[in-house]
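What follows is one structure encoded as structure tokens, with my remarks underneath.
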Amino acid sequence: MEFRDAIRDAMSEEMRRDARVMLIGEEVAEYNGAYKVSRGMLDEFGARRVIDTPISESGFAGMAIGAAMMGLRPVVEFMSWSFSLVAADPILNNAPKMLFMSGGQFGCPIVFRGNDGAGGQLGSTHSWCVEGLFSNVPGIKMAIPATPDDAKGLMKTAIRDDDPVFFLESERLLGLKGEVPVGEDVLVKFGEARVRRAGADCTIASWGRPVHFCLEAAEALAKEGISCEVIDLRTIRPLDIGAIVRSVKKTSNLVVVDQSWSFGSPGSEVAAQIHQRCFDDLDNHVHRVHTEDVPAPYAFNLEQEYLPNARKICEAVRSATYNA
Amino acid sequence: MPTPTTDGKPSHDVHGGLPVPRRAANRPAPAAELLRAWYRELVLIREFEIRCMQAYQDKKIGGFCHVYIGQEAVAVGCVAALKPEDPLVTAYRDHGHALARGMTARACMAEMFGRVDGCAKGKGGSMHMFDKANNLFGGHGIVGAQTPLGAGLAFATKYQDEVINKGKSSRVTMCFLGDGALNQGSFHEALNLAGLMDLPVVYVVENNGYSMGTSIHRGTTQSHDLSSKALGYGIDASVIDGMNLLEVYHGMKDVVEKCRERSRPAFVDMRCYRYKGHSMSDPRKYRTRDEEEVWEQGDPIGIFEKYVLEQGAMTHDQIKAAQKDVKTEVRDAVQFADQSPVPPLTDLYHDVYREPWGRYTGTSEPQMYGGAQNPPTFRATREGEDLL
Ligand SMILES: Cc1ncc(C[n+]2csc(CCOP(=O)(O)OP(=O)(O)O)c2C)c(N)n1
Numbered sequence: 099m100e101f102r103d104a105i106r107d108a109m110s111e112e113m114r115r116d117a118r119v120m121l122i123g124e125e126v127a128e129y130n131g132a133y134k135v136s137r138g139m140l141d142e143f144g145a146r147r148v149i150d151t152p153i154s155e156s157g158f159a160g161m162a163i164g165a166a167m168m169g170l171r172p173v174v175e176f177m178s179w180s181f182s183l184v185a186a187d188p189i190l191n192n193a194p195k196m197l198f199m200s201g202g203q204f205g206c207p208i209v210f211r212g213n214d215g216a217g218g219q220l221g222s223t224h225s226w227c228v229e230g231l232f233s234n235v236p237g238i239k240m241a242i243p244a245t246p247d248d249a250k251g252l253m254k255t256a257i258r259d260d261d262p263v264f265f266l267e268s269e270r271l272l273g274l275k276g277e278v279p280v281g282e283d284v285l286v287k288f289g290e291a292r293v294r295r296a297g298a299d300c301t302i303a304s305w306g307r308p309v310h311f312c313l314e315a316a317e318a319l320a321k322e323g324i325s326c327e328v329i330d331l332r333t334i335r336p337l338d339i340g341a342i343v344r345s346v347k348k349t350s351n352l353v354v355v356d357q358s359w360s361f362g363s364p365g366s367e368v369a370a371q372i373h374q375r376c377f378d379d380l381d382n383h384v385h386r387v388h389t390e391d392v393p394a395p396y397a398f399n400l401e402q403e404y405l406p407n408a409r410k411i412c413e414a415v416r417s418a419t420y421n422a
Numbered sequence: 053m054p055t056p057t058t059d060g061k062p063s064h065d066v067h068g069g070l071p072v073p074r075r076a077a078n079r080p081a082p083a084a085e086l087l088r089a090w091y092r093e094l095v096l097i098r099e100f101e102i103r104c105m106q107a108y109q110d111k112k113i114g115g116f117c118h119v120y121i122g123q124e125a126v127a128v129g130c131v132a133a134l135k136p137e138d139p140l141v142t143a144y145r146d147h148g149h150a151l152a153r154g155m156t157a158r159a160c161m162a163e164m165f166g167r168v169d170g171c172a173k174g175k176g177g178s179m180h181m182f183d184k185a186n187n188l189f190g191g192h193g194i195v196g197a198q199t200p201l202g203a204g205l206a207f208a209t210k211y212q213d214e215v216i217n218k219g220k221s222s223r224v225t226m227c228f229l230g231d232g233a234l235n236q237g238s239f240h241e242a243l244n245l246a247g248l249m250d251l252p253v254v255y256v257v258e259n260n261g262y263s264m265g266t267s268i269h270r271g272t273t274q275s276h277d278l279s280s281k282a283l284g285y286g287i288d289a290s291v292i293d294g295m296n297l298l299e300v301y302h303g304m305k306d307v308v309e310k311c312r313e314r315s316r317p318a319f320v321d322m323r324c325y326r327y328k329g330h331s332m333s334d335p336r337k338y339r340t341r342d343e344e345e346v347w348e349q350g351d352p353i354g355i356f357e358k359y360v361l362e363q364g365a366m367t368h369d370q371i372k373a374a375q376k377d378v379k380t381e382v383r384d385a386v387q388f389a390d391q392s393p394v395p396p397l398t399d400l401y402h403d404v405y406r407e408p409w410g411r412y413t414g415t416s417e418p419q420m421y422g423g424a425q426n427p428p429t430f431r432a433t434r435e436g437e438d439l440l
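As they're listed, the protein sequences go chains A and B.
Numbering of the first sequence is given in our numbering, commencing with residue 99 and proceeding in unit increments.
Numbering of the second sequence is given in our numbering, commencing with residue 53 and proceeding in unit increments.
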């Protein structure tokens, strides 16, 4: 099953299970979704539950937050997370703070989802990796699946969660095929990382699309005799720091791979926490691979250079394991 | 403009039937030389877009590519109503505006190809055409984003003319947007500011009846009469037939001159149609072939061609020659773009700040690449000096 269909199945199953769940966003209904994630959902659930909106991110996101305060469980599609910046006020200023501001009276059980990150040569306005920006805000949860099965399990968990969940999909992964379990209860718990490859010399921690680059790099490094353990964090908030600590105690080295900018990013947070918790276990300082600290370029070769890739990960691992 | 059908079939008037005033009929015909130049521009934009579609299919162009076919008369007529020094800003469907504004087909195509000779050195791409020399302040990728920018450009021209130069505001800013952009908060905030501050900006809504797969009636309230959006902000509104270059030119001439004179914003509901999908990936299943055919009969190039022939401004042979000439120009642009080098990787770290900025290394000083080492100097703008 494709990644995009896994998300669709998760939403559809939850909508069948719970009448409070609905989907709202630009082109989600009659057009079947700009990236065809909601294909067929209008036919099954009708226009009262699969709702096309005008291009008014601030308006429909804010409206959905109001509905969530009344107890509905909206799933809001941003055609691209890049466009969510238009709705930054409601999603960052209202949703995550509602429970706190109201002293626990009003929660906000809502899922914001959509396509995140660069890689399609769309230029700088359309290529945001919002994890670095948005994960800074307390009150949100953030899930970033790398595989179709996780996409389904994490989405179902997100919809059932009582807090606002930011669900980041990479357009580059939507066509990825993989096994997806069927049935109601394939939930993936938030805050539980997954070891994608076991190894002894260096831990590589990542989430979302770069996990695939990490696996590619690990494969190449194995041929050089460097054995890498690849950890897919799956959620950034909550962050399974324990899984990384356990792995680093074994490998003594860590490379964090993050597709957002390096300044104040989840990758930096992981590095800081590991330095704090594993100082004596480390053979080398934590190495970070990030997207270059510049706006996303359009030109193909520049965009390739801009993003984290297997080459850069290999270099970081070699550098981290140099003294070992 | 197609009229609604009477046999019970759906109307092809995708905008909702408000009458469109005719202005061109009782105006003197523009000079033959102008007509010939406009004809060439129309054909240039059409040909350019056709070649873009091909190049996109050949994977020479990446990302999103929104072609302008069907709307050529809008860009050509609107730009003709402006002075070269009037600023212009637009959205992501911007190749037509760029070419009409005087960007060379070479620079435009090289940008589409992501090459160093592109107008933005390959860094912006299809949706982000900028050309300072021609006062084109960019195509902008976020729906609605250019609307407050347009107000800002007008604010600056007015400030410069009145505050710095102690004269009278003399430039008009033109800001293009799609009908879908009317639903963004930025549009309403910009109109309010422009109205409040008497800014000389003309908002031209290229009302092609669709925003992606959503027809205007499904996405916009009061869609049958968009002037209501402007009237609420005390801004004059007019409707213009965007398929007819002469109507666009004369209509816009009136609007622009009034705006220049009074230094007050204006709003134009420009009725047009895009023949192709929203972008290259859109199979446009949300509308019928039938509807498209009706609009193709009112093709802006066809209408104008008929007119120039009637006026005797061009002969059939001259038309053929112009078409051939344009084909050569665009073929040359494609070749030029293809041969232009890809940007050097160090370009990634240039233009982030005015001073070349190196790879971020985690220290307070980024690792610098070569280039200008002199720190920038800041100074106040003097009277008579251009801000832009
Ligand atoms: C804030 C934002 N939301 C969504 C999009 C995706 N998108 C790009 S163009 C478009 C439709 C815009 O239609 P319209 O303004 O009518 O312009 P047209 O395409 O007709 O020229 C949409 C939804 C975007 N670029 N920016």
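Backbone N, C-alpha and C fix where the C-beta goes; we use that ideal spot for every residue, glycine too.
Would you say Ser345 (chain A) lies against chain B (beta-carbon separation less than 9 angstroms)?
no
What I want to know is whether the C-beta of Asp130 (chain A) ends up closer than 8 angstroms to one or more non-hydrogen atoms of ligand 1.
Per the sequence shown, residue 130 (chain A) should be read as Asn rather than Asp. Incorrect: Asn130 (chain A) has no Cβ contact closer than 8 angstroms to ligand 1.
With 9 angstroms as the threshold, decide whether the Cβ of Asp98 (chain B) is near any Cβ in chain A.
The question names Asp, but residue 98 (chain B) is Arg in the sequence shown. Chain A contact via Cβ: absent.
May I ask you to check if the CB of Tyr262 (chain B) is nearer than 8 angstroms to at least one heavy atom of ligand 1?
yes
Can you tell me which of the three DSSP states Leu337 (chain A) falls into?
coil
CA-CA distance, Leu380 (chain A) and Ala315 (chain A)?
21 angstroms
Report the partner residues of Lys239 (chain A) according to the DSSP bridge assignment.
A:Val263
Should Gly193 (chain B) be flagged as near chain A, meaning a C-beta pair shorter than 9 angstroms?
yes
Give me the Cα-Cα distance between Tyr401 (chain B) and Gly174 (chain B), rounded to the nearest whole angstrom.
13 angstroms
Using a Cβ-Cβ cutoff of less than 7 angstroms, which residues in the same chain neighbour Asp116 (chain A) once the five nearest sequence positions on both sides are dropped?
Arg171
Mind listing, in chain order, the continuous beta strand (DSSP E) runs of no fewer than 3 residues lying wholly within the region 239–315 of chain A?
239–241, 263–267, 292–295 and 300–304
When the Cβ atoms of the region 291–302 of chain A are set against those of the region 339–346 of chain A, are three or more pairs found closer than 8 angstroms?
yes
Across the region 223–230 of chain A and the region 179–199 of chain B, are there enough close Cβ pairs to call them in contact, namely three or more that are closer than 8 angstroms?
yes
Below 6 angstroms CB to CB, which residues in the same chain sit around Arg312 (chain B) once its five sequence neighbours on both sides are set aside?
Val224
Given Lys410 (chain A), which residues of its chain have a CB within under 7 angstroms of its CB, disregarding the five upstream and five downstream residues?
Val387
Does the beta carbon of Glu128 (chain A) come closer than 9 angstroms to any beta carbon on chain B?
yes
What residue from A:Asp330, A:Ser366, A:Ala296 and A:Asp356 has the CA that sits closest to Thr349 (chain A)'s CA?
A:Ala296
What does the Cβ neighbour count give for Asn259 (chain B), buried or exposed, with the cut at 16 atoms within 10 Å?
buried
Taking the alpha-carbon positions, what's the Asn217 (chain B) to Thr156 (chain B) distance?
33 angstroms
What does Gln198 (chain B) reach in chain A if we use C-beta pairs closer than 8 angstroms?
The contacting residues do not exist; Gln198 (chain B) stays about 11 angstroms from chain A at best.
Simplified DSSP state of His330 (chain B), which is helix, strand or coil:
coil
Show which residues of chain B have a CB atom less than 9 angstroms away from the CB atom of Val184 (chain A).
Ile194, Val195, Gly196, Ala197, Gln236, Gly237 and Ser238
I want to verify the contact list: residues of chain A whose CB lies under 7 angstroms from the CB of Val257 (chain B), in sequence order.
Per Cβ cutoff of 7 angstroms: no residues; Val257 (chain B) is ~13 angstroms from chain A at best.
Below-9 angstroms beta-carbon distance, Leu245 (chain B) vs any chain C residue
In the structure shown, chain C cannot be found, because the protein chains are A and B.
Going along the chain, which residues of its own chain have a beta-carbon closer than 6 angstroms to the beta-carbon of Gly166 (chain B), five neighbours each way excluded?
Gly174
Any heavy atom of ligand 1 within a distance shorter than 8 angstroms of the CB on Tyr144 (chain B)?
yes
According to the Cβ coordinates, are Val355 (chain A) and Gly196 (chain B) closer than 9 angstroms?
no
Which residues, in order along the region 132–153 of chain A, keep a beta-carbon less than 9 angstroms from a beta-carbon of chain B?
Ala132, Asp150, Thr151, Pro152 and Ile153
Taking 8 angstroms as the cut-off, is the C-beta of His118 (chain B) nearer than that to any heavy atom in ligand 1?
yes
Where DSSP assigns a beta bridge to Pro172 (chain A), which residues make up the other side?
A:Met120
Cutoff 9 angstroms: Gly69 (chain B) Cβ touching any chain A Cβ
no
Give the C-beta separation of Gly217 (chain A) and Leu405 (chain A) to the nearest angstrom, bearing in mind that I take them to be a contact with Cβ-Cβ under 8 angstroms.
6 angstroms
Indicate whether Pro194 (chain A) and Val235 (chain A) have their beta-carbon atoms separated by less than 9 angstroms.
yes
Roughly how many angstroms separate the alpha carbons of Leu298 (chain B) and Ala132 (chain B), rounded to a whole number?
10 angstroms
For ligand 1, I want to know if Ser178 (chain A) counts as a neighbour, meaning its beta carbon is within less than 8 angstroms of at least one of the ligand's heavy atoms.
yes
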